[in-house]
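Engineer: Before I ask anything, here is the structure I am working with.
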Amino acid sequence: MDAPRLSVRHLSTSFPTDGGLVHSVADVSFDIAPGRTTALVGESGSGKSVTSLTLMRLLARSANARVSGQAHFATREGRSVDLLALPEAEMRRLRGHQLAMIFQEPMTSLNPVFTVGEQIAESVRLHKGLDRAAALAHAQRMLELVEIPAAARRVHEYPHQLSGGMRQRVMIALAMACDPTLLIADEPTTALDVTIQAQILALMRRLQAETGMSILFITHNLGVVAHHADDVAVMYAGRVVERAPVRPLFAAPQHPYTQGLLACLPGKARAAGQARPKRLFAIRGQVSSPLAPPPGCAFEPRCDQARDDCRAAMPPLIATGDGRSARCVLVAPSHDQEAT
Amino acid sequence: MKLPPVLRALLHRRIVMLAALVLAAIVVLALGAPWFASIDPNDTAVLQRLKGPSAEHLLGTDELGRDLYSRIVHGARYSLAIAGLTALGATLAGTLLGLVAGFFRRLDAPLMRIVDAMMSFPDILLAIALVAILGASLANVVFALVLVYTPRVARVVRASTLVVRELLFVEAVRALGVRTSRILWRHVLPNLLSPILVQVSFIFAYAILAEAGLSFLGVGVPPDIPTWGTMVAGGQQYADRAFWVVLFPGLAIILTALSLQLLGDGVRDLLDPKLKKAA
Chain A
14 MDAPRLSVRH LSTSFPTDGG LVHSVADVSF DIAPGRTTAL VGESGSGKSV TSLTLMRLLA
74 RSANARVSGQ AHFATREGRS VDLLALPEAE MRRLRGHQLA MIFQEPMTSL NPVFTVGEQI
134 AESVRLHKGL DRAAALAHAQ RMLELVEIPA AARRVHEYPH QLSGGMRQRV MIALAMACDP
194 TLLIADEPTT ALDVTIQAQI LALMRRLQAE TGMSILFITH NLGVVAHHAD DVAVMYAGRV
254 VERAPVRPLF AAPQHPYTQG LLACLPGKAR AAGQARPKRL FAIRGQVSSP LAPPPGCAFE
314 PRCDQARDDC RAAMPPLIAT GDGRSARCVL VAPSHDQEAT
Chain B
34 MKLPPVLRAL LHRRIVMLAA LVLAAIVVLA LGAPWFASID PNDTAVLQRL KGPSAEHLLG
94 TDELGRDLYS RIVHGARYSL AIAGLTALGA TLAGTLLGLV AGFFRRLDAP LMRIVDAMMS
154 FPDILLAIAL VAILGASLAN VVFALVLVYT PRVARVVRAS TLVVRELLFV EAVRALGVRT
214 SRILWRHVLP NLLSPILVQV SFIFAYAILA EAGLSFLGVG VPPDIPTWGT MVAGGQQYAD
274 RAFWVVLFPG LAIILTALSL QLLGDGVRDL LDPKLKKAA
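Residue numbers (my numbering), protein chains in the order written: chain A, 14 to 353; chain B, 34 to 312.
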């Protein structure tokens with residue numbers, strides 16, 4: 014395997030609040046190889062989006078976020094830069110040019126007072142120095158690339174004239190306009206209906222195959238993960254609880270939380286032999302308050318396999334071989350050293 | 034000839050076109066005042082005082098026998114200049130203040146407390162105090178009125194900025210590597226155009242009336258400068274005997290303010306892509 018395009022090590026983000034320091038992301042590490050997709054999976058509030066915003070350095074300054082750790086990004090020029098330590102001006106040159114991001118809400122992600130062509134053109138003019146006419150022509154080519162019909166006409170339309178799926182395509186065109194090497198997709202299909210979801214995901218796949226970009230895919234949809242990710246990191250309460258390539262993860266989840274998540278899927282219940290499942294499986298309890306985390310494993314209060322030592326201390330991420338690791342005392346460590 | 038789409042759409046709206054024509058006519062009259070009204074607006078003729086409209090005096094004469102038509106035409110220069118400069122100055126200053134206060138949360142509280150303090154004075158009192166200190170002149174009246182109206186614009190722009198800055202596209206363009214100053218100028222400001230345009234047309238009309246109030250109280254422009262406001266203010270005690278003394282300058286104010294507001298609304302609708310009819 015090539016050297017990773019993005020290598021995140023011990024990333025932590027915490028926010029001071031009136032109730033104390035909230036650790037939204039704690040000790041998160043993962044890699045994304047060139048041309049591959051790493052999915053960050055977790056429920057709401059598990060720290061997925063904060064992770065992506067921290068990597069893009071887009072957290073609001075007024076939030077006073079405290080960030081530690083490293084995120085080594087291999088630039089197109091072959092340098093390795095730490096995204097978390099880069100001066101703001103250099104970071105700005107990377108954003109949109111080598112690192113791009115698409116958001117969950119295509120309805121509000123576009124500026125309502127400019128045509129979609131102007132918005133795509135802005136990024137190209139900024140990073141590639143093209144003039145207005147050339148940038149607009151490029152914008153039209155981008156719209157064609159993301160399979161928007163009648164691109165020549167659409168390029169002059171305003172966001173409100175497009176449907177949600179069209180707008181998400183425009184967002185992808187916008188993100189892809191400068192040929193980024195890493196695309197961070199923060200729940201890009203959550204706000205879309207299912208048929209459009211499938212089209213958008215297929216489009217992202219095709220673009221990835223054509224350009225060789227890496228994708229950090231943030232989602233809570235395990236079905237999407239199964240079909241579109243190469244590697245998966247499952248997050249719970251701000252930490253990675255299990256990390257594995259996609260097939261082994263779905264075939265044999267190691268962490269009780271991952272097992273619970275997979276048991277929640279309707280198809281899984283059926284496959285497990287219940288001919289007509291009356292009720293879907295649900296993980297009992299709810300996520301502990303970020304202000305008062307349990308002393309040991311964050312998942313322990315909800316875990317059916319919890320033991321006494323689960324309550325003692327947060328277990329480390331234990332490497333279990335074949336590039337997998339899980340943060341649970343129940344897993345058997347491989348003979349390699351402890352995972353990062 | 035191919036006109037830009039905005040102009041072409043403007044031509045299709047009769048009322049907006051009419052308003053634009055009226056405004057254009059008023060501006061032309063004001064600019065060419067000496068040619069359109071040859072009688073000196075300050076020529077007094079006591080024997081001719083408070084005469085009704087006639088062939089000699091188209092709109093009649095005021096309490097000192099001065100020709101009303103001539104005073105309105107010449108007064109248009111000053112009234113429009115005062116109102117226009119006030120609207121321009123207050124809008125520029127208020128937009129800048131509101132934008133900065135709304136976008137940079139750290140500057141919000143300090144800037145807005147200053148604005149609140151300015152707003153806590155009654156409008157006309159603040160203007161009177163300023164003109165009394167600085168001295169009565171055209172420039173000082175404009176300066177005082179700009180100070181009075183800036184806080185209003187700042188408040189409106191700040192409130193709208195607070196809404197726009199939270200929209201996801203601001204984060205999205207930041208994720209594209211656009212610098213903050215450009216985000217403010219290119220992405221936030223154009224989204225505030227509607228509320229700003231509404232404020233401009235309001236302030237323009239208010240400034241004409243405020244200048245009248247100031248002049249009436251003796252802290253406005255010097256008496257030898259005819260303005261619509263001073264004419265209404267000075268003529269009101271004769272209104273029962275000679276209605277034209279207040280009617281015609283009053284009509285001039287209404288017509289100008291109304292036209293401007295209609296034009297402002299029309300332009301706002303045309304610039305707002307959501308209100309645009311699907312072409």
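Glycine included, each C-beta is placed from N, C-alpha and C at the ideal position.
Since the structure is predicted, the reported quantities are computational estimates derived from the model, not experimental observations.
Looking at the structure shown, is B:Lys-310 part of a helix, part of a strand, or coil, going by DSSP?
Structural biologist: Caution applies to B:Lys-310, whose pLDDT of 46 falls short of 50 and renders its modelled position unreliable; the model cannot decide the point.
Engineer: In chain order, what residues of the same chain have a beta carbon less than 7 Å from the beta carbon of A:His-140, not counting five sequence neighbours either side?
Structural biologist: Cβ within range, chain order: Gly-109, His-110, Cys-191.
Engineer: If you pair each beta-carbon of the region 153-160 of chain B with each one of the region 217-226 of chain B, do three or more pairs fall below 8 Å?
Structural biologist: No: the two stretches stay apart, fewer than three of their Cβ pairs being nearer than 8 Å.
Engineer: Taking the alpha-carbon of A:Ala-242 as reference, which of A:Met-248, A:Leu-24, A:Arg-260 has the nearest alpha-carbon?
Structural biologist: Considering only alpha carbons, the answer is A:Arg-260.
Engineer: Who pairs with A:Leu-229 in a beta bridge, going by DSSP?
Structural biologist: DSSP output for A:Leu-229 lists A:Thr-51, A:Ile-197 as bridge partner(s).
Engineer: Could you pull the DSSP bridge partners for A:Met-379 from this structure?
Structural biologist: Given a span of 14 to 353 for chain A in the structure shown, any question on residue 379 of chain A remains unanswerable.
Engineer: How many angstroms separate the CA atom of A:Gly-236 from the CA atom of A:Leu-53?
Structural biologist: Cα to Cα, A:Gly-236 sits roughly 13 Å from A:Leu-53.
Engineer: Check whether the region 91-100 of chain B and the region 124-144 of chain B are in contact - that is, three or more C-beta pairs closer than 8 Å.
Structural biologist: With a cut-off of 8 Å, the region 124-144 of chain B and the region 91-100 of chain B do not count as touching, because too few Cβ pairs lie within range.
Engineer: Can you round the beta-carbon distance between B:Gly-122 and B:Val-190 to whole angstroms, since I take them to be within the 8 Å contact cut?
Structural biologist: That belief does not hold up - the Cβ atoms of B:Gly-122 and B:Val-190 are roughly 14 Å apart, past 8 Å.
Engineer: Using CA coordinates, which residue listed in B:Asp-76, B:Ile-59, B:Pro-184 is at the minimum distance from B:Leu-144?
Structural biologist: Selected option, being the one with the closest Cα: B:Pro-184.
Engineer: Which class does B:Gly-282 belong to by DSSP, given the choice of helix, strand or coil?
Structural biologist: Checking the displayed sequence, the identity of residue 282 of chain B turns out to be Pro instead of Gly. Residue state, collapsed to three classes: helix.
Engineer: Are the C-beta atoms of A:Ser-227 and some chain B residue less than 9 Å apart?
Structural biologist: For A:Ser-227, the answer is no, since every Cβ of chain B falls outside 9 Å of its Cβ.
Engineer: What does a CB cutoff of less than 6 Å around A:Leu-66 pick up in its chain, not counting 5 residues either side in sequence?
Structural biologist: Once the five neighbours on either side are set aside, the close Cβ partners of A:Leu-66 are Leu-72.
Engineer: Per DSSP, A:Leu-19 forms a beta bridge with which residues?
Structural biologist: Note: A:Leu-19 sits in a beta bridge opposite A:Ile-45, A:Phe-86.
Engineer: For A:Arg-292, does the count of other Cβ atoms within 10 angstroms reach 16, so buried, or fall short, so exposed?
Structural biologist: Exposed: under 16 other Cβ atoms inside 10 Å.
Engineer: Quick one: give me the first and last residue of the beta strand (DSSP E) that A:Met-248 is part of.
Structural biologist: Unbroken beta strand (DSSP E) run through A:Met-248: 244-249.
Engineer: Using the C-alpha atoms, what's the distance from A:His-151 back to A:Leu-306?
Structural biologist: Leu is not the amino acid found at residue 306 of chain A; the sequence shown has Pro there. Roughly 50 Å between the two C-alpha positions.
Engineer: Which value, in whole angstroms, describes the spacing of the CA atoms of A:Val-137 and A:Gly-130?
Structural biologist: So the alpha carbons of these two residues sit roughly 11 Å apart.
Engineer: Could you check the C-alpha separation between B:Ala-53 and A:Ala-146 for me, to the nearest Å?
Structural biologist: Their Cα atoms are separated by approximately 33 Å.
Engineer: Measuring alpha carbon to alpha carbon, tell me which residue in B:Val-196, B:Leu-64, B:Arg-104 is nearest B:Asp-76.
Structural biologist: Measuring from the Cα of B:Asp-76, the nearest candidate turns out to be B:Arg-104.
Engineer: Look up B:Pro-259 in the DSSP assignment and say whether it is helix, strand or coil.
Structural biologist: Three-state DSSP puts B:Pro-259 in coil, outside helix and strand.
Engineer: Is the shortest distance between the beta-carbon of B:Asn-224 and the beta-carbons of chain A less than 9 Å?
Structural biologist: At least one chain A Cβ lies under 9 Å of B:Asn-224.
Engineer: Reducing DSSP to helix, strand and coil, say where A:Arg-218 ends up.
Structural biologist: It is helical.
Engineer: What distance in whole Å lies between the Cβ atoms of A:Leu-156 and A:Met-189, which are believed to be in contact at a cut-off of 8 Å?
Structural biologist: So it is not a contact: roughly 11 Å between Cβ atoms.
Engineer: Taking C-beta to C-beta, are A:Ile-161 and A:Arg-154 nearer than 9 Å?
Structural biologist: No; because the gap between Cβ atoms is not below 9 Å, this pair is not in contact.
Engineer: Is the distance from the Cβ of A:Ala-204 to the Cβ of A:Gly-177 below 9 Å?
Structural biologist: Taking 9 Å as the Cβ cut-off, A:Ala-204 and A:Gly-177 qualify as a contacting pair.
Engineer: Quick check: is the beta carbon of B:Gly-210 nearer than 9 Å to any beta carbon in chain A?
Structural biologist: Yes - at least one Cβ of chain A is within 9 Å of the one on B:Gly-210.
Engineer: DSSP on B:Glu-244, reduced to helix/strand/coil?
Structural biologist: Reduced to three states, the DSSP call for B:Glu-244 is helix.
Engineer: Touching or not, the region 249-258 of chain A and the region 214-230 of chain A, by the rule of three or more beta carbon pairs under 8 Å?
Structural biologist: Short answer: they don't touch.
Engineer: Could you name the residues of the same chain whose beta carbon sits closer than 6 Å to that of B:Gln-81, not counting the 5 residues immediately before and after it, in chain order?
Structural biologist: Cβ neighbours of B:Gln-81 beyond the five flanking positions: Thr-94, Gly-98.
Engineer: Check each candidate in A:Ala-163, A:Ile-185, A:Gly-91 and name the one with the smallest Cα separation from A:Pro-119.
Structural biologist: The candidate whose alpha carbon is nearest that of A:Pro-119 is A:Ile-185.
Engineer: At 8 Å on the CB atoms, spell out the chain B contacts of A:Arg-145, in chain order.
Structural biologist: The premise fails here: A:Arg-145 is roughly 14 Å from chain B at the closest Cβ pair, so nothing lies under 8 Å.
Engineer: Run through the region 139-224 of chain B for me and flag every whole alpha helix (DSSP H) of 4 or more residues, listed as ranges in chain order.
Structural biologist: The region 139-224 of chain B contains these whole alpha helix (DSSP H) runs: 156-167, 171-198, 201-208.
Engineer: Distance cutoff 9 Å, beta carbons only. Does A:Phe-263 sit that close to anything in chain B?
Structural biologist: So, not an interface residue.
Engineer: Of all the CB atoms in chain A, is at least one closer than 9 Å to the CB of B:Arg-301?
Structural biologist: False, the Cβ-Cβ gap to chain A never drops below 9 Å.
Engineer: Taking only the alpha-carbon atoms, compute the straight-line gap between A:Cys-323 and A:Ser-37 and give it to the nearest angstrom.
Structural biologist: Roughly 21 Å separates the two Cα atoms.
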